[in-house]
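Since the structure comes first, as structure tokens, the remarks are kept for the end.
Protein chains: 2
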Amino acid sequence: MPALVGKAYFNYGGQGPLPTPSLEAIQQTWERIQELGPFGGAAWPFAEATVAGLRQELAAWCGVPAQRLSFTENVSSGCLLPLWGLPWESGDELLISDAEHDGVVAGCRELAHRHGLRLTNLPVQAELASEAEAATAVLEALEQRLTPHTRLVVLSHLLWNTGQLMPIAAVARRLAQHPRRPWLLVDGAQSLGSVPVAEAAAAADIYACTGHKWCCGPEGLGVAVLSDRLLVESRPTLIGWRSLAEAGSGAAPFHRDGRRFEVATSCTPLFAGLHRSLALLNAEGNAETRLAAIRQSSAVLWRGLGQLEGVQPLLTTPPPAGLVSFTVAGWEPAALVQKLVEQGFWLRQLPDPACVRACTHITTSQEEIEALIGAIGALAKGR
Amino acid sequence: MPALVGKAYFNYGGQGPLPTPSLEAIQQTWERIQELGPFGGAAWPFAEATVAGLRQELAAWCGVPAQRLSFTENVSSGCLLPLWGLPWESGDELLISDAEHDGVVAGCRELAHRHGLRLTNLPVQAELASEAEAATAVLEALEQRLTPHTRLVVLSHLLWNTGQLMPIAAVARRLAQHPRRPWLLVDGAQSLGSVPVAEAAAAADIYACTGHKWCCGPEGLGVAVLSDRLLVESRPTLIGWRSLAEAGSGAAPFHRDGRRFEVATSCTPLFAGLHRSLALLNAEGNAETRLAAIRQSSAVLWRGLGQLEGVQPLLTTPPPAGLVSFTVAGWEPAALVQKLVEQGFWLRQLPDPACVRACTHITTSQEEIEALIGAIGALAKGR
Chain A
76 MPALVGKAYF NYGGQGPLPT PSLEAIQQTW ERIQELGPFG GAAWPFAEAT
126 VAGLRQELAA WCGVPAQRLS FTENVSSGCL LPLWGLPWES GDELLISDAE
176 HDGVVAGCRE LAHRHGLRLT NLPVQAELAS EAEAATAVLE ALEQRLTPHT
226 RLVVLSHLLW NTGQLMPIAA VARRLAQHPR RPWLLVDGAQ SLGSVPVAEA
276 AAAADIYACT GHKWCCGPEG LGVAVLSDRL LVESRPTLIG WRSLAEAGSG
326 AAPFHRDGRR FEVATSCTPL FAGLHRSLAL LNAEGNAETR LAAIRQSSAV
376 LWRGLGQLEG VQPLLTTPPP AGLVSFTVAG WEPAALVQKL VEQGFWLRQL
426 PDPACVRACT HITTSQEEIE ALIGAIGALA KGR
Chain B
76 MPALVGKAYF NYGGQGPLPT PSLEAIQQTW ERIQELGPFG GAAWPFAEAT
126 VAGLRQELAA WCGVPAQRLS FTENVSSGCL LPLWGLPWES GDELLISDAE
176 HDGVVAGCRE LAHRHGLRLT NLPVQAELAS EAEAATAVLE ALEQRLTPHT
226 RLVVLSHLLW NTGQLMPIAA VARRLAQHPR RPWLLVDGAQ SLGSVPVAEA
276 AAAADIYACT GHKWCCGPEG LGVAVLSDRL LVESRPTLIG WRSLAEAGSG
326 AAPFHRDGRR FEVATSCTPL FAGLHRSLAL LNAEGNAETR LAAIRQSSAV
376 LWRGLGQLEG VQPLLTTPPP AGLVSFTVAG WEPAALVQKL VEQGFWLRQL
426 PDPACVRACT HITTSQEEIE ALIGAIGALA KGR
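In order, the protein sequence lines correspond to chains A and B.
Position one of the first sequence corresponds to residue 76 (the working numbering), numbered consecutively onward.
Position one of the second sequence corresponds to residue 76 (the working numbering), numbered consecutively onward.
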């Protein structure tokens, strides 16, 4: 992983490093497509097999049949494309957690604007105790905020700011008892590749992921897992040859499976790159084993930071996954990040709550963590 | 261009060959992003400069300010994304040519379904005489089909099936006199990289292109040129961090320029690849010079085919660009294409009108054309 050379990298939640074998797979796929085509002949079966192979692999990761997967360019598209085609009614309420990413929030605001829907707020960001306590609090908050008009709940699986894990399956079970059976949209940007996702992905109506963060795949390729009912209830909005069940007719029916939300030409070599990255992760252990390694590292970092004077981790117990957010007294997050980057430590600041975030992955070494704790300790002391 | 080795390639209208320097630019960009980031630090200015550089270059090709460009994943997205956010009113009419691609047609059908709009038909496909005669006929057909309710006209610049060129600027002038000033959506899938596009791109409200056909760039990156009024009148539908004018808030306003229709993370290395491909095309001459070379080749092919017994080019005069569609008596298009591929000639069949299409680009040699004419002549004689 060339990206990890010469720096201590803690930005996996922003973008993961692309392993050299994945870049090679991308390039080889490009070369093969050129050799076989690029258009017509054996290039098409090759491209189809490349896409189908990744679909099967991701279906296994997500614990669902491959037909429920829809490839997208990024998480925002995966969250929003299936939403636009749902049968909204004026007055429907969208219950959105207070820890969602800008893009999803802005997309839901626009959806509400066009269809006369109401946005309501599900407070989850303040739940900083253990995963179990947070789960109880989130389910209580859900109970309080659900109304007869609730039609959609939007909640990330792993919160991108605090790093807390949300009880997606339990939320889905509660929604199933609601008379209107609200749809459940889950932003899985931080979860695929870092925590086991099968239970949550199978429980959500839309579970949107990307390959370029914790999966260490190339940027520009994501996947959304869709429920059977969503595939029936939602119509495609962006439409191209990949959405249509028959080539050659604009009057053809849409695919009934996840392809109905795929659009037109995308970059086939990226599929091979992500597939290779997933294989490399698999070679390091299954999702549970990898999460255990990630948690071990994040716990060491969380503990070390918590022992420094003036440094305050957001979570009050060791993180459920690899996101470790914290504040340092006397430091603006942006200034602290800048200072750390100059010293070779790659972290990012977050706007709300204002904090600095360090991510640990299975590639994170004990030495990197100790060095980071030391560097932050020195900077904290300086204030 | 490795794709051109060992075959006679006539599928530029499907996908262009990717030059080795472009693939190298893609790979170098990936390596550089890994080295600089991939997330944070100097990786962001580098990615921004890569995107901005291509935006400037494409703006020059399209003869518009760079702010009017919106990057998309493909042509279908470029056509449809700006459409969904327009202020449609029930009863509005979408006047769509009978030579449009499946994806755009299906997208307009869905738009009509959701908003109670009417689809009407603009017949242009039958215009097979000279470009000038076709222009007159298309403008007459437009005159007949415009009604007080017409709100959108959809017309390709260069028809993907017959290869005829449409009078986009004249259509735009006519629409400007209509009381409702209908929006003009132009599918430029076959035009960017094959014919000069500046006049048409500046005249349309949405002029959607892709980099992977006549520009010989990588698959998965396109651009839409938007009019100033469209940028004011249309709201974004797919929304992500790239659509928002300020990072860190889902309540931020949208960009006022073309970025309002861009979504979230896409594959930055593709931008470098397309930029390199455009530079390679530029090095072969300006748009007019290149079109002259393309027309010279397509004219030779068109004449040669027309002289074969049983072979009928669709157009009755030499093609205005590089698309040469034809039928061969006694041959199903698919069977003929299959037979030709076996002999090393790469063409495609089209569904409506049922025909075979050969494309000539500046890379097409006289020998390839003569060999293709010979091969088709032999197959035609066999029936």
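For each residue, glycine too, the CB sits at the ideal point set by N, CA and C.
Please compile the residues from chain B whose C-beta is within a distance smaller than 9 Å of the C-beta of residue i.
i, result
"P293(A)", "W105, C342, P344"
"L77(A)", "According to the sequence displayed, residue 77(A) carries Pro and not Leu. Result: E106, Q109, E110."
"T438(A)", "Those within 9 Å of T438(A) in chain B number zero; the least Cβ separation is about 13 Å."
"L217(A)", "Residues of chain B passing the Cβ test: none, with the nearest at roughly 20 Å."
"L98(A)", "Q102, W105, E106, Q109"
Around the Cβ of residue i, are there at least 16 other Cβ atoms within 10 angstroms (buried) or fewer (exposed)?
i, result
"P120(A)", "exposed"
"G292(A)", "buried"
"E443(A)", "buried"
"N236(B)", "buried"
"A429(A)", "exposed"
"N149(A)", "buried"
"V213(B)", "buried"
"T125(A)", "buried"
"D427(B)", "exposed"
"D303(B)", "exposed"
"E445(A)", "exposed"
"H188(B)", "exposed"
"Q265(B)", "buried"
"P394(A)", "buried"
"G81(B)", "exposed"
In angstroms with no decimal places, state the Cα-to-Cα distance between residue i and residue j.
i, j, result
"H190(B)", "W163(B)", "7 Å"
"G182(B)", "I314(A)", "5 Å"
"T439(B)", "M76(B)", "12 Å"
"A327(A)", "E208(A)", "50 Å"
"R130(B)", "I281(B)", "16 Å"
"F336(A)", "I369(A)", "33 Å"
"L156(B)", "S205(A)", "42 Å"
"R334(B)", "L144(B)", "7 Å"
"H350(B)", "L93(B)", "12 Å"
"A134(A)", "G295(B)", "23 Å"
"F329(A)", "G419(B)", "34 Å"
"E99(B)", "G348(B)", "8 Å"
"S152(B)", "A339(A)", "8 Å"
"G385(B)", "A450(B)", "13 Å"
"R193(A)", "A362(B)", "51 Å"
"P408(B)", "T402(B)", "7 Å"
"R249(B)", "T343(B)", "39 Å"
"V441(B)", "L383(B)", "Checking the sequence shown, residue 441(B) turns out to be Gln, not Val. Those two C-alpha atoms are separated by around 18 Å."
Smallest Cα separation from residue i: which of the options?
i, options, result
"A251(A)", "E132(A), L227(A), E175(A), L383(A)", "L227(A)"
"F346(B)", "Q102(B), P77(B), G89(B), M76(B)", "Q102(B)"
"T104(A)", "R107(B), A118(B), A117(B), A78(B)", "A78(B)"
"Q424(A)", "V412(A), E417(A), C434(A)", "V412(A)"
"V416(A)", "P271(A), A404(A), L447(A), E308(A)", "L447(A)"
"L389(B)", "Q371(B), A210(B), N361(B), V431(B)", "V431(B)"
"G461(A)", "A124(A), V399(A), A141(A)", "Nothing in the structure corresponds to residue 461(A), since chain A is present only between 76 and 458."
"H224(A)", "A201(A), A273(A), S165(A)", "S165(A)"
"A278(A)", "L260(A), L267(A), T285(A), A264(A)", "L260(A)"
Thinking residue i and residue j are a contact (beta carbons under 8 Å), I'd like their distance in whole angstroms, please.
i, j, result
"Q90(B)", "F114(A)", "4 Å"
"W258(A)", "T312(B)", "Rounded, the Cβ-Cβ distance is 18 Å, inconsistent with contact."
So which residues of chain B does residue i contact, with C-beta pairs closer than 8 Å?
i, result
"F114(A)", "N86, G89, Q90, W421, R423"
"V298(A)", "The premise fails here: V298(A) is roughly 14 Å from chain B at the closest Cβ pair, so nothing lies under 8 Å."
"V416(A)", "G115, G116"
"P311(A)", "E185"
"E337(A)", "Ordered by position in chain B, no residue passes the 8 Å Cβ test against E337(A), which lies about 10 Å from the chain."
Show which residues of chain A have a CB atom less than 8 Å away from the CB atom of residue i.
i, result
"R184(B)", "G325, A326"
"I314(B)", "S151, L155, G178, A181, G182, E185"
"L319(B)", "D177, G178, A181"
List the residues of chain A that residue i touches, going by C-beta distances under 7 Å, in chain order.
i, result
"T195(B)", "Result: empty, since nearest Cβ-Cβ is about 14 Å, beyond 7 Å."
"P426(B)", "G323"
"E164(B)", "Under the 7 Å cutoff, chain A gives no residues; its nearest Cβ is about 14 Å from E164(B)."
For residue i, is the beta carbon positioned less than 8 Å from some heavy atom of the ligand SAH?
i, result
"T195(B)", "By its list of ligands, the structure shown contains no ligand whatsoever, and the ligand SAH lies outside what it can speak to."
Residue i touches chain A at which residues, Cβ-Cβ below 9 Å?
i, result
"E363(B)", "Those within 9 Å of E363(B) in chain A number zero; the least Cβ separation is about 26 Å."
Could you name the residues of chain B that residue i contacts, counting a contact when the two beta carbons are closer than 7 Å?
i, result
"H287(A)", "T340"
"W159(A)", "T312"
"E208(A)", "Correct list: empty, because the minimum Cβ distance to chain B is about 27 Å."
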